[in-house]
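Chemist: Sharing a structure with you now.
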Amino acid sequence: MKNMESLLVEHLEKHIGIISRGADIVDKKYNITISIYDNIPFEDIRTYSTLGMNRYFIDYYYEFIFVSMAKYDKDEIASFLTSFAEYLIDNKKRVLHGDVISFSFTMTSETKMNSLYFTLPFYFDDNLSQLRLEDKTVIFPLIIPVYQEEAELIREKGWSSFENFLEENEINDLWDLERDKYSW
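Heads up, the sequence shown is in this note's numbering, so the first residue is 896 and it goes up one at a time.
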């Protein structure tokens, strides 16, 4: 029988694509790795996923997905995602579809975005969103980086308003950490 990590990797690679490499984060508190997928879901786009976050129960078992343009520093993004996962574990903070978390700092030096929005992993096959294992179900939220002003609008108008805006306007640059701010 396969171990849980093998099943997770198999699930991720089936629904995202083959993992190109893992990020080498040395100063981490927990046994969490960041997997990197080059040119997925599109050319010059890079996808990241946590691997190991599911060991830590915070109302749910999670593995997070993040997508950005490949031109951004992969090590800085991987370091941020590791720190973010540690923040959730340390604070026993769960996230749900439509949640927004804002920080007093930007997520990387290459962006002014300081907030994260959580949704279904719509860039990928619908079956990516959860994996049922023998003893638990792991969910795979997509993290979308947003500006503080967008985070405030999401909180004020609701997440469905934000997602409707994205869909109706065929917004296709959410992986650009330097994109223009949206207002709806």
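Where is the CB? At the ideal position from N, CA and C, for every residue including glycine.
Quick check on this structure: which residue in Leu1072, Ser999 and Asn1064 has the alpha carbon closest to the alpha carbon of Trp1079?
Modeler: Per the Cα distances, Asn1064.
Chemist: What is the rounded straight-line gap between the Cα of Leu1011 and the Cα of Ser963?
Modeler: Approximately 13 angstroms, taken between the alpha carbons.
Chemist: For the stretch 938 to 957 against the stretch 901 to 908, do three or more pairs of beta-carbon atoms, one drawn from each stretch, fall closer than 8 angstroms, so that the two count as touching?
Modeler: Cβ pair count under 8 angstroms is three or more, so yes.
Chemist: Quick check on Ile1034: does DSSP put it in helix, strand or coil?
Modeler: Residue state, collapsed to three classes: strand.
Chemist: Give a yes or no on contact between the stretch 1020 to 1028 and the stretch 1056 to 1073, applying the rule of three or more CB pairs nearer than 8 angstroms.
Modeler: Touching, no.
Chemist: From Ile996, Ile913, Ile960 and Gln1043, pick the residue whose C-alpha is nearest to that of Val1033; which is it?
Modeler: Ranking the options by Cα distance to Val1033, first place goes to Ile960.
Chemist: At which residues does the alpha helix (DSSP H) containing Thr977 begin and terminate?
Modeler: Element bounds for Thr977: Lys969 to Asn986.
Chemist: Compare the beta carbon distance of Phe1000 and Asn1009 with 8 angstroms and say whether it is the shorter of the two.
Modeler: Contact: yes.
Chemist: Report, in whole angstroms, the separation of the C-beta atoms of Asp933 and Ala965, which I expect to be a contact under 8 angstroms.
Modeler: Their Cβ separation, rounded to whole angstroms, is 7 angstroms, which keeps Asp933 and Ala965 in contact under 8 angstroms.
Chemist: Tell me whether Phe1013 sits in a helix, a strand or coil according to DSSP, three-state version.
Modeler: Phe1013 falls in the strand class under three-state DSSP.
Chemist: Could you say which of Tyr956, Arg916 and Asn926 lies nearest to Pro1036 if we only look at CA atoms?
Modeler: Selected option, being the one with the closest Cα: Tyr956.
Chemist: Per DSSP, what kind of secondary structure is Asp933 in: helix, strand or coil?
Modeler: In this structure, Asp933 counts as strand in the three-state DSSP scheme.
Chemist: What first and last residue would you give for the alpha helix (DSSP H) that runs through Arg989?
Modeler: Note, Arg989: premise wrong, no alpha helix (DSSP H); not H, not E.
Chemist: Does the distance from the C-beta atom of Glu1005 to that of Leu903 stay below 8 angstroms?
Modeler: No, the Cβ-Cβ distance between Glu1005 and Leu903 is not below 8 angstroms.
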